[in-house]
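> First to last, the sequence lines map onto chains A and B. Heads up, the first sequence is in the UniProt record's numbering, so the first residue is 1 and it goes up one at a time. Heads up, the second sequence is in the UniProt record's numbering, so the first residue is 1 and it goes up one at a time.
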Amino acid sequence: MKGNETMLDFRTSKFVLRISRDSYQLLKRHLQEKQNNQIWNIVQEHLYIDIFDGMPRSKQQIDAMVGSLAGEAKREANKSKVFFGLLKEPEIEVPLDDEDEEGENEEGKPKKKKPKKDSIGSKSKKQDPNAPPQNRIPLPELKDSDKLDKIMNMKETTKRVRLGPDCLPSICFYTFLNAYQGLTAVDVTDDSSLIAGGFADSTVRVWSVTPKKLRSVKQAADLSLIDKESDDVLERIMDEKTASELKILYGHSGPVYGASFSPDRNYLLSSSEDGTVRLWSLQTFTCLVGYKGHNYPVWDTQFSPYGYYFVSGGHDRVARLWATDHYQPLRIFAGHLADVNCTRFHPNSNYVATGSADRTVRLWDVLNGNCVRIFTGHKGPIHSLTFSPNGRFLATGATDGRVLLWDIGHGLMVGELKGHTDTVCSLRFSRDGEILASGFASLSHDSRVSPDIYVDFSGETA
Amino acid sequence: GEGKRGCRMAEEKKLKLSNTVLPSESMKVVAESMGIAQIQEETCQLLTDEVSYRIKEIAQDALKFMHMGKRQKLTTSDIDYALKLKNVEPLYGFHAQEFIPFRFASGGGRELYFYEEKEVDLSDIINTPLPRVPLDVCLKAHWLSIEGCQPAIPENPPPAPKEQQKAEATEPLKSAKPGQEEDGPLKGKGQGAAPADGKGKEKKAPPLLEGAPLRLKPRSIHELSVEQQLYYKEITEACVGSCEAKRAEALQSIATDPGLYQMLPRFSTFISEGVRVNVVQNNLALLIYLMRMVKALMDNPTLYLEKYVHELIPAVMTCIVSRQLCLRPDVDNHWALRDFAARLVAQICKHFSTTTNNIQSRITKTFTKSWVDEKTPWTTRYGSIAGLAELGHDVIKTLILPRLQQEGERIRSVLDGPVLSNIDRIGADHVQSLLLKHCAPVLAKLRLPPDNQDAYRAEFGSLGPLLCSHVVKARAQAALQAQQVNRTTLTITQPRPTLTLSQAPQPGPRTPGLLKVPGSIALPVQTLVSARAAAPPQPSPPPTKFIVMSSSSASSTQQVLSLSTSAPGSGSTTTSPVTTTVPSVQPIVKLVSTATTAPPSTAPSGPGSVQKYIVVSLPPTGEGKGGPASHPSPAPPPSSAPSPLGGSALCGGKQEAGDSPPPAPGTPKANGSQPPGSGSPQPAP
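1) Which complete alpha helix (DSSP H) runs does the segment 392–473 of chain B hold, if anything under 4 residues is left out?
2) CB-CB under 8 Å to L224(B), same chain, minus the five flanking residues each way: which ones, in chain order?
3) Measuring CA to CA, which of T343(A), L8(A) and G433(A) is closest to G397(A)?
4) Closest to S58(A) by C-alpha separation, out of V43(A), R18(A) and I49(A), would be which residue?
5) Would you mind telling me which residues of chain A sit closer than 7 Å to I146(B), beta carbon to beta carbon, in chain order?
6) Kindly list the residues whose CB is nearer than 6 Å to the CB of E72(A), restricted to its own chain and excluding five residues on each side of it in sequence; keep chain order.
7) Does the segment 158–173 of chain A come into contact with the segment 125–138 of chain B, if we say contact requires no fewer than three beta-carbon pairs (one atom in each stretch) closer than 8 Å?
8) For D50(A), which residues of its own chain have a beta-carbon under 8 Å away from its beta-carbon, when the five flanking residues on both sides are left out?
9) Might you give, ordered along the chain, the residues of its own chain that have their beta carbon closer than 6 Å to the beta carbon of K117(A), omitting 5 neighbours on each side?
10) Could you compute how far the alpha carbon of Q477(B) sits from the alpha carbon of S384(B)?
11) Indicate whether at least one CB of chain B lies closer than 8 Å to the CB of L8(A).
12) Who are the neighbours of L399(B) on chain A, taking C-beta pairs under 9 Å?
13) In the DSSP output, what is E147(B) paired with across the bridge?
14) Determine, for Y382(B), whether the minimum Cβ-Cβ distance to residues of chain A falls below 8 Å.
15) Quick check: the Cα distance between S262(A) and D365(A), rounded to an integer number of angstroms?
16) Grouping DSSP H, G and I as helix and E and B as strand, with all else coil, what is M238(A)?
17) Using a Cβ-Cβ cut-off of 8 Å, state whether R205(A) counts as contacting chain B.
18) With 8 Å set as the bound, which would you pick, yes or no: does the beta-carbon of I195(A) sit closer than that to a beta-carbon of chain E?
19) Where do the N-terminal and C-terminal ends of the beta strand (DSSP E) with Y257(A) fall, by residue?
20) Would you kindly report the start and end of the unbroken alpha helix (DSSP H) that includes G85(A)?
21) Count the C-beta pairs between the segment 415–428 of chain B and the segment 320–330 of chain B that are closer than 8 Å, then say yes if the count reaches three, no if not.
22) Output the boundary residues of the beta strand (DSSP E) element that contains Y174(A).
23) Taking only the alpha-carbon atoms, compute the straight-line gap between I359(B) and P314(B) and give it to the nearest angstrom.
24) Rounded to a whole number of angstroms, what is the C-alpha to C-alpha distance between D187(A) and G307(A)?
25) Does the count of Cβ pairs from the segment 386–396 of chain A and the segment 77–84 of chain B closer than 8 Å reach three?
26) For D264(A), would you say it is in contact with chain B, using Cβ-to-Cβ distances shorter than 8 Å as the test?
27) Taking only beta-carbon positions, decide if G259(B) is within less than 8 Å of chain A.
28) Could you give the C-beta distance for D300(A) and H336(A), rounded to a whole number, given that I count them as a contact under 8 Å?
29) How would you list, in chain order, the residues of chain A whose beta-carbon sits under 7 Å from the beta-carbon of I135(B)?
30) I need the straight-line Cα distance from S123(B) to L130(B), nearest angstrom please.
31) Can you name the residues of chain B whose CB is closer than 7 Å to the CB of E273(A)?
32) Let me confirm a value: L251(B) is counted as buried when at least 16 other C-beta atoms fall within 10 Å, else exposed. Which label applies?
33) Using a Cβ-Cβ distance under 8 Å, would D339(A) count as near chain B?
34) Are there 16 or more other CB atoms within 10 angstroms of the CB of R29(A), so buried, or fewer, so exposed?
35) Select from V226(B), E227(B) and I153(B) the residue whose C-alpha is nearest the C-alpha of G259(B).
36) Tell whether a beta-carbon distance below 8 Å holds between A444(B) and A474(B).
Listed below in structure tokens is the structure:
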């Protein structure tokens with residue numbers, strides 16, 4: 001057993017136990033009275049007793065927090081301030097107003113939309129008190145195409161219906177046929193135009209689910225012939241002959257366990273059993289970079305919501321922060337005692353959450369690489385994570401079939417959603433944050449509705 | 001290696017029991033297999049501990065791969081990857097898809113698990129045809145939920161299974177309305193992804209209804225959703241419209257869609273009212289269309305029709321015995337409608353007749369009464385006889401044969417007598433051929449071979465001679481078949497057009513391009529194979545196969561069926577060695593149902609079940625086991641073109657956050673436009 005890392009962890013670090021001062025006094029007195037020095041020594045040697053003042057907790061309260069491999073989180077571990085607010089949206093609203101006005105006139109329903117639009121406008125102008133400074137993490141400049149996307153996005157936001165128990169969503173369900181249990185990862189672009197699937201046969205497949213087919217850029221020789229001044233140059237560089245609904249990306253040499261589109265839909269990341277994360281171009285449908293570093297299977301990867309950065313986590317128990325133009329990681333988030341199963345960026349891109357097989361969820365600060373939150377309470381390896389769109393909550397799902405909701409600002413568990421009987425494989429909030437969908441992949445797929453939060457998006461079926 | 005591997009797998013199963021340790025004998029066996037004869041007990045113990053620990057470690061890692069692959073079954077590749085993690089070379093060549101059959105052996109005080117290695121003849125492998133190339137992965141979209149309601153399309157689990165419909169019909173107060181909160185636990189049991197159906201109601205309802213001791217709310221939903229209304233409109237219009245392709249598609253949809261039960265009352269009323277109106281107007285075409293709708297409803301395995309049989313039977317009966325069904329009785333072929341409807345009634349009897357409702361005896365009585373009546377016109381007479389004849393050989397034997405003489409006289413008086421009315425003549429002629437058609441096969445079984453014209457005349461009167469020659473023909477045919485069976489078995493695909501094939505046994509994925517429905521017997525096997533290949537877990541499911549024991553000259557569908565009807569026969573005590581020409585050999589036919597979910601209650605021809613008939617043996621005379629025998633399948637009267645169906649294969653497009661109202665699901669694609677108004681008048685429902 002010498003080589004076993006888990007054993008080593010237990011030997012070298014202390015199991016954290018939180019006890020109220022009264023209970024601790026009682027325990028100490030009891031052990032001293034009984035002259036039970038041996039036990040006292042074990043307690044001294046292997047336990048870290050985190051004493052807090054106040055009422056002892058009830059059994060229920062304790063049960064809710066236990067389960068982690070290394071005991072509960074120390075109190076001070078969750079004390080540091082977390083800027084969970086959203087970043088200010090850039091000021092690109094001028095064209096929006098114009099076009100929106102036109103749209104309203106056409107539809108003849110200006111009255112209904114006015115107040116909504118105003119509320120959105122005012123919200124994005126006001127600085128969120130909980131938000132990090134705008135340049136805390138250097139973010140890439142917005143490109144013109146990004147701005148167009150944002151405008152489209154905002155326009156759609158105004159049309160959005162507020163979901164809730166009385167107003168349930170419509171769900172379009174995509175099924176992968178003939179996958180023969182080989183589908184291991186799925187991602188959908190934010191505008192639902194592309195779906196990527198990672199497969200056990202090492203391929204990554206990208207589908208277009210809109211009538212617009214996938215085309216790659218022409219070869220260099222052909223590109224040189226194109227008139228670069230023409231207006232439709234972006235159209236001209238595409239090779240019509242390559243148009244197809246599906247593109248298969250070959251390059252990995254093991255099952256692909258993670259896939260993530262970049263927000264601008266130009267890139268795709270995939271992580272695989274072969275220990276690499278690969279960056280694919282969705283213009284040429286070729287592999288651009290293979291990021292090596294994990295050396296062991298990489299279980300998950302995700303792009304930052306602003307692009308450029310991405311995070312990956314794997315069997316080597318660390319999560320790594322990368323930038324697409326660096327072949328080495330910018331940060332290594334070490335601390336988990338077992339595999340990092342899933343990694344997610346906070347909507348403001350300043351934090352990264354990781355869920356691990358040691359049954360804890362950690363929140364890491366991208367700026368300095370510190371662990372700022374440790375959430376314990378799951379009774380099994382965590383397999384899915386998602387942030388609420390407002391950045392305030394984190395939902396986690398584990399093999400114990402439970403979905404837990406955490407308040408990031410206070411570092412507390414705020415809810416438990418029961419209903420699943422097996423691993424919760426995917427979680428996703430609806431865009432307005434009203435509804436949480438949980439997916440449970442098995443031979444027969446299953447998605448469930450929990451009493452206070454609703455299911456909206458069921459991601460993957462094997 | 002294998003032995004070790006075997007132990008490993010066995011070990012994984014026991015992982016739940018902590019502290020499981022391999023027996024030290026295993027170490028000895030492994031040591032022996034490597035040529036180390038003597039090994040100390042202590043060494044064995046040490047090795048056991050170490051190996052057990054390593055195996056557990058590897059199993060734990062393998063589980064990670066399983067979880068990450070979103071599977072619930074550990075595969076050999078998971079173990080390979082786990083070995084790779086430990087820098088151990090994986091065991092190559094262990095890519096079994098299914099359960100690895102480890103064998104257990106004991107003897108000499110030892111217990112062993114081992115992997116049985118069979119010797120494989122290479123030439124066998126080389127000579128077997130290549131397996132089909134598995135289909136490539138593809139994407140399919142459908143609406144899982146539309147504003148919180150689950151649309152009733154094949155991709156979604158059926159909103160109310162047949163049992164539930166039955167429970168609703170029979171025990172209204174106990175059963176829960178679908179979409180009501182009581183539905184919850186049922187879903188929870190893993191009925192699967194039936195999440196959103198009526199969730200809106202569910203959310204609002206509980207506080208109000210929790211305490212109510214008895215629910216007195218009306219059970220059945222009287223409103224249809226907009227989509228259902230659209231669907232109903234499209235389907236009914238297509239069914240009675242003028243476009244045959246659309247009609248075929250609509251009927252296909254009725255026969256296969258799982259979510260129609262809410263519309264059943266409407267369909268039922270549509271049919272019965274339609275028949276009522278169109279019988280008065282003598283609109284033959286529409287009556288035929290309506291009967292085909294009844295047939296389609298009957299064929300839908302997910303519908304619980306019992307509640308509506310009382311409405312359907314009168315409609316069908318009307319189409320059998322009505323005095324006049326068409327505008328020009330001398331020209332139009334209303335006989336085909338009567339035949340078809342008669343078969344429908346027989347099917348209804350078969351499905352729904354019980355000792356309590358006595359449907360069959362009531363129907364039989366009705367037919368007999370109208371037949372016996374002297375004043376009954378020839379048309380009704382024909383219908384009554386057809387209806388009786390379709391009920392089976394026993395009915396023919398007891399009710400029709402005794403009246404043959406009387407009926408023969410009546411026919412002769414019309415045919416030979418002075419020409420009174422052309423219509424009567426035609427009627428009598430049809431009745432005569434009908435009687436001959438149905439009675440001959442029965443007589444061929446009942447009577448011993450020497451067929452004597454005089455004997456027949458003596459027994460059956462004026463029809464005797466004709467009957468005699470028909471019986472001889474029937475015998476010859478039977479003989480031909482039997483011979484054919486002896487010589488060859490011919491594998492062809494299921495001979496019934498349009499009805500069954502489109503519905504794969506698994507409700508699962510269908511591949512759009514492969515949904516061609518074969519319209520004829522000459523369907524190439526390949527089509528079928530690919531149509532079924534959509535079922536994911538088994539890469540090569542067996543195609544629907546009939547090993548038919550019939551002459552290859554049997555060219556038409558009808559022929560094949562009737563042959564197989566008589567060949568395996570209802571081989572009961574009445575069967576005697578047939579004729580001298582018949583080799584006294586009858587095949588035993590074994591019915592192999594490969595359907596996964598076919599409930600036993602559905603008829604053998606139920607579209608859900610894929611059946612395989614295998615000729616098991618050819619014993620001398622005697623008990624054949626009737627597979628399809630007792631189930632004559634009516635072909636739809638006006639031959640329906642092979643339809644490129646897809647009535648139900650509808651996929652929703654992409655969807656944004658949940659705004660714009662989605663297209664009506666379940667509406668057949670092709671029905672975008674209204675059926676042209678030029679068509680025949682529609683029944684007023």
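Ideal Cβ positions, reconstructed from N, Cα and C, are used throughout, including at glycine.
Short version:
1) Given a length threshold of 4 residues, each whole run of the alpha helix (DSSP H) inside the segment 392–473 of chain B is given here in chain order: 404–416, 422–446 and 453–460.
2) Against the second sequence, residue 224(B) aligns to sequence position 224. Around L224(B): Y232, Q262, M263 and R266.
3) On the first sequence, residue 397(A) is found 397 positions in, with the first residue counted as 1. Ranking T343(A), L8(A) and G433(A) by CA distance to the CA of G397(A) puts T343(A) first.
4) By 1-based counting over the first sequence, the position of residue 58(A) is 58. Of the candidates V43(A), R18(A) and I49(A), R18(A) places its Cα closest to the Cα of S58(A).
5) The residue given as residue 146(B) occupies position 146 in the second sequence. Using a Cβ-Cβ cut-off of 7 Å, I146(B) is close to S170 of chain A, given in chain order.
6) Indexing the first sequence from 1 puts residue 72(A) at position 72. Taken in chain order, the residues that qualify are V16, R18, M65 and T376.
7) Cβ pair count under 8 Å is below three, so no.
8) Against the first sequence, residue 50(A) aligns to sequence position 50. Excluding residues within five positions, the ones whose Cβ falls inside 8 Å are V16, L17, R18, I19, E72, K74 and R75.
9) Residue numbering aside, residue 117(A) sits at position 117 when the first sequence is read from its first letter. Reliability of the predicted coordinates at K117(A) is poor, the pLDDT of 41 falling under 50, and the value obtained from them is presented with this limitation in mind. Contacts found: T158.
10) As a first step, residue 477(B) is located in the second sequence; it is residue number 477 there, counting from the start. As a first step, residue 384(B) is located in the second sequence; it is residue number 384 there, counting from the start. Distance between the alpha carbons of Q477(B) and S384(B): 27 Å.
11) In the first sequence, residue 8(A) corresponds to position 8, counting from 1. L8(A) has a beta carbon lying at 8 Å or more from every beta carbon in chain B.
12) Counted from its first residue, the second sequence places residue 399(B) at position 399. Residues of chain A passing the Cβ test: none, with the nearest at roughly 51 Å.
13) The residue given as residue 147(B) occupies position 147 in the second sequence. BP columns for E147(B) are empty, so no partner.
14) Start at 1 with the first residue of the second sequence, and residue 382(B) comes out as number 382. No, no contact with chain A.
15) Walking along the first sequence from the start, residue 262(A) turns up at place 262. Walking along the first sequence from the start, residue 365(A) turns up at place 365. C-alpha of S262(A) to C-alpha of D365(A): approximately 21 Å in a straight line.
16) What you label residue 238(A) is simply residue 238 of the first sequence in a count that begins at 1. In this structure, M238(A) counts as strand in the three-state DSSP scheme.
17) Counting from 1 along the first sequence, the entry for residue 205(A) is found at position 205. Contact with chain B is found for R205(A), since one of that chain's Cβ atoms lies less than 8 Å from the residue's Cβ.
18) As a matter of chain content, chain E is missing from the structure shown, whose protein chains are A and B.
19) Stepping through the first sequence from its first residue, residue 257(A) is reached at position 257. For Y257(A), the uninterrupted beta strand (DSSP E) run begins and ends at V256 to F261, by DSSP.
20) Here residue 85(A) is taken as the residue at index 85 of the first sequence, counted from 1. Unbroken run through G85(A): none, as it is neither H nor E.
21) The way I'd put it, the segment 415–428 of chain B does touch the segment 320–330 of chain B; three or more beta-carbon pairs between them come closer than 8 Å.
22) Locating residue 174(A) in the first sequence gives position 174, where the first residue counts as 1. Y174(A): member of the beta strand (DSSP E) spanning I171 to L177, first to last residue.
23) Numbered from 1 along the second sequence, position 359 holds the residue referred to as residue 359(B). Numbered from 1 along the second sequence, position 314 holds the residue referred to as residue 314(B). I359(B) and P314(B) have their C-alpha atoms some 12 Å from each other.
24) Here residue 187(A) is taken as the residue at index 187 of the first sequence, counted from 1. Here residue 307(A) is taken as the residue at index 307 of the first sequence, counted from 1. Distance between the alpha carbons of D187(A) and G307(A): 15 Å.
25) Contact fails between the segment 386–396 of chain A and the segment 77–84 of chain B, because fewer than three Cβ pairs, one in each stretch, are under 8 Å apart.
26) Along the first sequence, one-based indexing puts residue 264(A) at 264. Chain B, which has no Cβ nearer than 8 Å to the Cβ of D264(A), makes this no.
27) In the second sequence, residue 259(B) corresponds to position 259, counting from 1. So no, G259(B) is outside the interface.
28) Working through the first sequence from its first residue, we reach residue 300(A) at position 300. Working through the first sequence from its first residue, we reach residue 336(A) at position 336. Incorrect: roughly 13 Å between the Cβ atoms, too far for contact.
29) For this step, residue 135(B) is matched to residue 135 along the second sequence. Looking at the sequence shown, residue 135(B) is not Ile but Leu. N178, listed in chain order.
30) The sequence position of residue 123(B) within the second sequence is 123, counting from 1. The sequence position of residue 130(B) within the second sequence is 130, counting from 1. So the alpha carbons of these two residues sit roughly 13 Å apart.
31) Reading the first sequence from its first residue, position 273 is the one you call residue 273(A). Here the neighbours are Y81.
32) Along the second sequence, read from residue 1 onward, the residue named residue 251(B) stands at position 251. It counts as buried.
33) For this step, residue 339(A) is matched to residue 339 along the first sequence. True, the Cβ-Cβ gap to chain B drops below 8 Å.
34) The count along the first sequence starts at 1 and reaches residue 29(A) at position 29. By the 10 Å Cβ count, R29(A) comes out exposed.
35) Stepping through the second sequence from its first residue, residue 259(B) is reached at position 259. With respect to the C-alpha of G259(B), the residue from V226(B), E227(B) and I153(B) having the closest C-alpha is I153(B).
36) For the purposes of this step, residue 444(B) is identified with residue 444 of the second sequence, where counting begins at 1. For the purposes of this step, residue 474(B) is identified with residue 474 of the second sequence, where counting begins at 1. A distance below 8 Å separates the beta carbons of A444(B) and A474(B).
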